[in-house]
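Trainee: Residue numbers (mature numbering (1 follows the signal peptide of the UniProt record, and there is no 0)): -21 to -1, 1 to 461. Note that CB positions come from ideal geometry on N, CA and C, so glycine has one too. Small disclaimer: the values here were computed from a predicted structure and weren't measured.
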């Protein structure tokens, strides 16, 4: 029995040694059925790869191409292939025809500029395809033919300018599509029409100035949509049809206004990011229907005011960011009916005061940012002063809530103001009664001066020309005056 065990162990050791003996130079085969190779001295696909290998990692090399022969002897067992961070400029037709069991394929961070038609057509079990960080300029309806089981496709950080209609039609089980960081200017209206299971779509950091109507209509499973850092100038009504979207990222675009019901179909939306646009107008019904919304970011826009009811019905709203705008006043009932509100950011606006009615709406808030506003410390500041004294612990950078005017109170903390410091609110700048009288007198004087000057000029002109007239010219002069 002992002899049998000894022989078995010896045989196993020899078998392992034999397998390890086939490990390519500059590679490691320490883990069963795995080969890992890296180094800039590698200029061709490593060989020989041991039979039964399921995982191959070849990265940070100077390999310039991939060919069908690179996978001879282990193609049928291969499940995970990572050939990334290399100098690959070409993948030959048929390269993956025999690697039909692949589940993950990574060709990220290479120098590929294009994909041969139907390159992946035999990879019917492929679940994840990583092509990010390349130089691919376009894809067609043949690029991803046959990938019916694919769940994740990453084409980010390429040079994509053209995506042909139908390019993703075979990807019926796709759940995540990454197209960010390209040069895409337009998208076919039906590009995503077959992606009924898509949950996450990244379109940020492109050059989109508009989106075609109906482009998101069939995305009935979409929960996250990223469109930030584009050139979008407007959001047409109906763009966001009914879908279970939870996150919508639209910052760093060129939006100027938000129309009524523009987001109405997004009843599950929790996060809406609209910061760093050019928004100057928000319709009172812009956020209508967003009953699940918890956070809305409108910071760094051009808002000078908001209408009462703008946030009406948003009973789940927790965080409202309005910092870095041009807000001059806020309706007293702007925040009424927001029982979940915890964070309000009004930092760096043009607010001279806040009404007691608005401040009463902040009872449930945990943190409020009010610094860098030109607080006018007259009697209208009293509601804010009184609120600060009671709720100062809620205020971010409390000591920075200081008077901007009048000059004799400039820099004084609002919370420290005494009643006798507060004068009546200054009248709006304009022309007073005395100024009006002076202006009227000046205008009248100017009119009289012009009339007198005109009369004198005409008389001088007549005197100058009268001696030169001879009898024959008198009729002509009379006609001229008439």
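Could you give the DSSP three-state label for residue 299: helix, strand or coil?
Mentor: Counting from 1 along the chain shown, the entry for residue 299 is found at position 320. Correct three-state label for residue 299: strand.
Trainee: Straight-line CA distance for residue 190 to residue 164?
Mentor: Within the chain shown, the letter at position 211 stands for residue 190. Within the chain shown, the letter at position 185 stands for residue 164. The alpha-carbon atoms of residue 190 and residue 164 are separated by roughly 10 Å.
Trainee: How is residue 339 classed by DSSP in three states: helix, strand or coil?
Mentor: Counting from one through the chain shown, the residue named residue 339 turns up at place 360. If DSSP states are grouped into helix, strand and coil, residue 339 belongs with the helices.
Trainee: Are residue 349 and residue 380 close, meaning C-beta to C-beta below 7 Å?
Mentor: The residue labelled residue 349 in the question sits at position 370 within the chain shown. The residue labelled residue 380 in the question sits at position 401 within the chain shown. Closer than 7 Å, so yes.
Trainee: Between which two residues does the alpha helix (DSSP H) containing residue 363 stretch?
Mentor: Position 384 of the chain shown, counted from the first residue, corresponds to residue 363. 361 to 370 is the span of the alpha helix (DSSP H), which, as asked, contains residue 363.
Trainee: Considering only residues of the segment 169 to 245, which uninterrupted beta strand (DSSP E) runs meet the minimum length of 3 residues and lie entirely inside it, listed in chain order?
Mentor: Counting whole runs of 3 or more residues, the segment 169 to 245 contains the beta strand (DSSP E) stretches 179 to 181, 203 to 205, 226 to 228.
Trainee: Smallest Cα separation from residue 74: which of 54, 58, 90, 167?
Mentor: Position 95 of the chain shown holds residue 74. Looking at the Cα atoms, 54 is the closest of the given residues.
Trainee: Quick check on DSSP: helix, strand or coil for residue 141?
Mentor: By one-based count along the chain shown, residue 141 stands at place 162. Strand, per DSSP.
Trainee: Relative to the alpha-carbon of residue 34, which residue among 19, 266, 41, 8 has its alpha-carbon at the smallest distance?
Mentor: Residue 34 sits at position 55 when you count from the first residue of the chain shown. Taking only the C-alpha atoms, the option nearest residue 34 is 8.
Trainee: State whether the segment 360 to 370 contacts the segment 307 to 326, with contact taken as three or more CB pairs (one from each stretch) at a distance under 8 Å.
Mentor: No: the two stretches stay apart, fewer than three of their Cβ pairs being nearer than 8 Å.
Trainee: Do you know how far the Cα of residue 202 is from the Cα of residue 526?
Mentor: Here the chain comprises residues numbered -21 to 461, so residue 526 is not present and cannot be evaluated.
Trainee: Exposed or buried, residue 4, counting other C-beta atoms within 10 Å across all chains shown (16 or more means buried)?
Mentor: Residue mapping note: residue 4 aligns to position 25 of the chain shown, counting from 1. Label assigned to residue 4: exposed.
Trainee: Whose C-alpha, out of 282, 264, 98, 279, is nearest the C-alpha of residue 289?
Mentor: Counted from its first residue, the chain shown places residue 289 at position 310. The shortest Cα separation from residue 289 among 282, 264, 98, 279 belongs to 264.
Trainee: Sort 79, 199, 120 by Cα distance to residue 94 and report the nearest one.
Mentor: For the purposes of this step, residue 94 is taken as residue 115 along the chain shown, with counting starting at 1. Per the Cα distances, 120.
Trainee: Give me whichever residues DSSP pairs with residue 2 in a beta bridge.
Mentor: On the chain shown, residue 2 is found 23 positions in, with the first residue counted as 1. The partner list for residue 2 (beta bridge, DSSP) is empty, contrary to what the question assumes.
Trainee: Give every residue of the same chain whose Cβ lies closer than 8 Å to the Cβ of residue 195, excluding the five residues on either side of it in the sequence, and list them in chain order.
Mentor: One-based indexing of the chain shown puts residue 195 at position 216. So the list reads 171, 201, 204, 218, 219, 220, 222, once near-sequence residues are dropped.
Trainee: Label residue 216 either buried or exposed according to how many other C-beta atoms from any shown protein chain fall within 10 Å of its C-beta, with 16 as the threshold for buried.
Mentor: Numbered from 1 along the chain shown, position 237 holds the residue referred to as residue 216. By the neighbour-count rule (16 or more Cβ atoms within 10 Å), residue 216 is not buried but exposed.
Trainee: Relative to the alpha-carbon of residue 234, which residue among 157, 292, 22, 259 has its alpha-carbon at the smallest distance?
Mentor: Counting from one through the chain shown, the residue named residue 234 turns up at place 255. Considering only alpha carbons, the answer is 259.
Trainee: Kindly indicate which residue of 352, 125, 45 has the alpha-carbon position closest to the one of residue 302.
Mentor: Looking up residue 302 in the chain shown gives position 323. Closest by alpha carbon: 352.
Trainee: How would you call residue 159, buried or exposed, if buried means at least 16 neighbouring beta carbons within 10 angstroms?
Mentor: Residue mapping note: residue 159 aligns to position 180 of the chain shown, counting from 1. Classification of residue 159: buried, given that the 10 Å Cβ count is 16 or more.
Trainee: Take residue 329 as the anchor and find which of 284, 18, 148, 212 has the nearest alpha-carbon.
Mentor: As a working mapping, residue 329 is identified with position 350 in the chain shown. With distances taken between Cα atoms, residue 329 lies closest to 284.
Trainee: Under the rule that 16 or more other beta-carbon atoms within 10 Å means buried, what is residue 345, buried or exposed?
Mentor: Residue mapping note: residue 345 aligns to position 366 of the chain shown, counting from 1. Label assigned to residue 345: exposed.
Trainee: With DSSP as the reference, label residue 260 as helix, strand or coil.
Mentor: Sequence index remark: in the chain shown, residue 260 carries index 281 (1-based). Looking at residue 260 - three-state DSSP - the assignment turns out to be strand.
Trainee: Run through the DSSP bridge pairs and tell me what residue 63 is partnered with.
Mentor: Numbered from its first residue, the chain shown carries residue 63 at position 84. Paired residues: 38.
Trainee: Taking only three categories from DSSP, how would you classify residue 388?
Mentor: In the chain shown, residue 388 corresponds to position 409, counting from 1. Residue 388: helix per DSSP, three-state reduction.
Trainee: Using the DSSP secondary-structure output, state which residues sit across from residue 462 in a beta bridge.
Mentor: Residue 462 falls outside the range modelled here, since the chain spans only -21 to 461, and no answer is possible.
Trainee: Could you pull the DSSP bridge partners for residue 478 from this structure?
Mentor: The displayed coordinates of the chain run from -21 to 461. Any statement about residue 478 would go beyond what the structure contains.
Trainee: Classify residue 40 as buried or exposed, calling it buried when 16 or more other Cβ atoms lie within 10 Å of its own Cβ.
Mentor: As a first step, residue 40 is located in the chain shown; it is residue number 61 there, counting from the start. Answer is buried; the Cβ neighbour count reaches 16.
Trainee: For residue 376, which residues of its own chain have a beta-carbon under 6 Å away from its beta-carbon, when the five flanking residues on both sides are left out?
Mentor: Counting from one through the chain shown, the residue named residue 376 turns up at place 397. If we look at residue 376 and ignore the five residues flanking it on each side, its Cβ neighbours are 350.
Trainee: Helix or strand or just coil, what does DSSP make of residue 109?
Mentor: Looking up residue 109 in the chain shown gives position 130. Residue 109 falls in the strand class under three-state DSSP.
Trainee: So, helix, strand or coil for residue 379, using DSSP?
Mentor: Residue numbering aside, residue 379 sits at position 400 when the chain shown is read from its first letter. Note: residue 379 maps to helix in three-state DSSP.
Trainee: Could you say which of 56, 68, 65, 67 lies nearest to residue 81 if we only look at CA atoms?
Mentor: Counted from its first residue, the chain shown places residue 81 at position 102. Of the listed residues, the one whose Cα sits closest to residue 81 is 56.
Trainee: Label residue 78 either buried or exposed according to how many other C-beta atoms from any shown protein chain fall within 10 Å of its C-beta, with 16 as the threshold for buried.
Mentor: Start at 1 with the first residue of the chain shown, and residue 78 comes out as number 99. Residue 78 comes out buried.
Trainee: Relative to the alpha-carbon of residue 243, which residue among 153, 308, 391, 292 has its alpha-carbon at the smallest distance?
Mentor: In the chain shown, the residue the question calls residue 243 occupies position 264. The shortest Cα separation from residue 243 among 153, 308, 391, 292 belongs to 292.
Trainee: Is the beta carbon of residue 206 within less than 6 Å of some heavy atom of the ligand SAH?
Mentor: As presented, the structure is devoid of all ligands, the ligand SAH included, so that no description of it is given.
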